[in-house]
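Data first, discussion second: the structure below is written as structure tokens.
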Amino acid sequence: LPDNPTTAQILLGGAVGLQAFDAAGFGAATQEKAGERWAGLLYSMTSLPGVMVGSISVSVTGQLLDQMANVEGGGWATVYQLNAAVCVAGALAFLFLYDSKKEFE
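In this note's numbering, the protein residues as written are 15 to 119.
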């Protein structure tokens, strides 16, 4: 993590801003895959795991911060590194596994 608070704010703001591409792509992908009839169902079914993991991750983040409080280089740095790894893994999975072929009619 940067020592300068302004740099940290710029990096965090940039990361959150870049996640807008993720949100736009996710919405369009479900409509491409499912068509008009099934898009809502597919969107909700694919959103559910993300919502559940997001809810659990709040507790995991707190536990991680408690465990790493006295470790050099731990704490928030570990939380942000884990978040970055998940984002990169998701981007790679999308790049290599997604195709726009319609699955449902």
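Think of the CB as a built atom: it goes at the ideal place given N, C-alpha and C, for glycine as much as any other residue. Owing to the predicted nature of the structure, the values given are computational and were not obtained by experimental measurement.
**Study point:** Where the alpha helix (DSSP H) through ASP113 begins and ends
**Key:** Here ASP113 belongs to no alpha helix (DSSP H), and DSSP marks it neither H nor E.
Check your understanding: Since MET82 and THR92 are thought to touch, with beta carbons under 8 angstroms apart, how far apart are those beta carbons, to the nearest angstrom?
Key -> Rounded, the Cβ-Cβ distance is 5 angstroms, consistent with contact.
Review point. When the distance is taken between beta carbons, is SER114 closer than 7 angstroms to GLU50?
Key: It is not a contact, given that the beta carbons lie outside the stated cut-off.
Review point. Which class does GLY49 belong to by DSSP, given the choice of helix, strand or coil?
Key: Correct three-state label for GLY49: helix.
Practice item. Whole angstroms is fine: what's the gap from VAL100's alpha carbon to GLU86's? Key: Distance between the alpha carbons of VAL100 and GLU86: 23 angstroms.
Review point. Run through DSSP, which three-state label would VAL85 get?
Key: Here VAL85 sits in coil by DSSP.
Check your understanding: Considering only the beta carbon of each residue, do LEU79 and GLY89 sit closer than 7 angstroms?
Key -> Yes, the Cβ-Cβ distance between LEU79 and GLY89 is below 7 angstroms.
**Study point:** Outcome for LEU48 when other beta-carbon atoms lying within 10 angstroms are tallied against a minimum of 16
**Key:** The displayed chain sequence assigns Ala, not Leu, to residue 48. The residue is buried, with at least 16 neighbouring Cβ atoms inside 10 Å.
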